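For what it's worth, the numbering used here labels the leading residue of the sequence shown as 2, then goes sequentially. For reference, the structure discussed in these notes is given below.
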Amino acid sequence: GLTYGCRELAARVGDRETVLDCRVGLLDSQPDHLLLELFDTVVDRQLRREEDLLAQQRLSRRIIRQLAHEVKNPLGGLRGAAQLLERQLPSTDLKAYTKVIIEEADRLAALVDSIL
């Protein structure tokens, strides 16, 4: 039969405030009677919020993993290039610079790993 619905009605049930959805309809078998259905939507809304939060957390983790990958790949290249350069340098004074590059690349890689 014909139905009418309304969503998110603020209501007081006992001593607590809640939000209800309602639906009113004519009964096919008894046209002079109405059927009133009330649905407490607080739990449904809480579940939707939690599902949204979980989806946001999954997205954040995926973005962090992608960023970590984008940071660690160049760090590996920098570290490898510094090691090759260190082998070619004749002066131990100059090798100190490549040592700093290698140590800092390792430090950043460890930082990225700790975030994951």
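Think of the CB as a built atom: it goes at the ideal place given N, C-alpha and C, for glycine as much as any other residue. Predicted model only: the values in this text are computed from it and were never measured.
- Uninterrupted beta strand (DSSP E) stretches at least 3 residues long and entirely within the stretch 13-97 occur at 17-27 and 35-41, given in chain order.
- Look at the beta carbons and you see the stretch 32-45 touching the stretch 17-24: at least three pairs across the two are nearer than 8 Å.
- Spanning the alpha carbons of GLY78 and ALA97 requires a straight line of approximately 19 Å.
- A distance below 6 Å between beta-carbons, with the five flanking residues on each side excluded, links CYS7 to the following residues of its chain, in chain order: CYS23.
- Under the Cβ criterion (8 Å, minimum of three pairs), the stretch 107-114 counts as touching the stretch 64-73.
- The beta carbon of LEU39 is closer than 6 Å to those of LEU21 and CYS23 in its chain, skipping five residues each way along the sequence.
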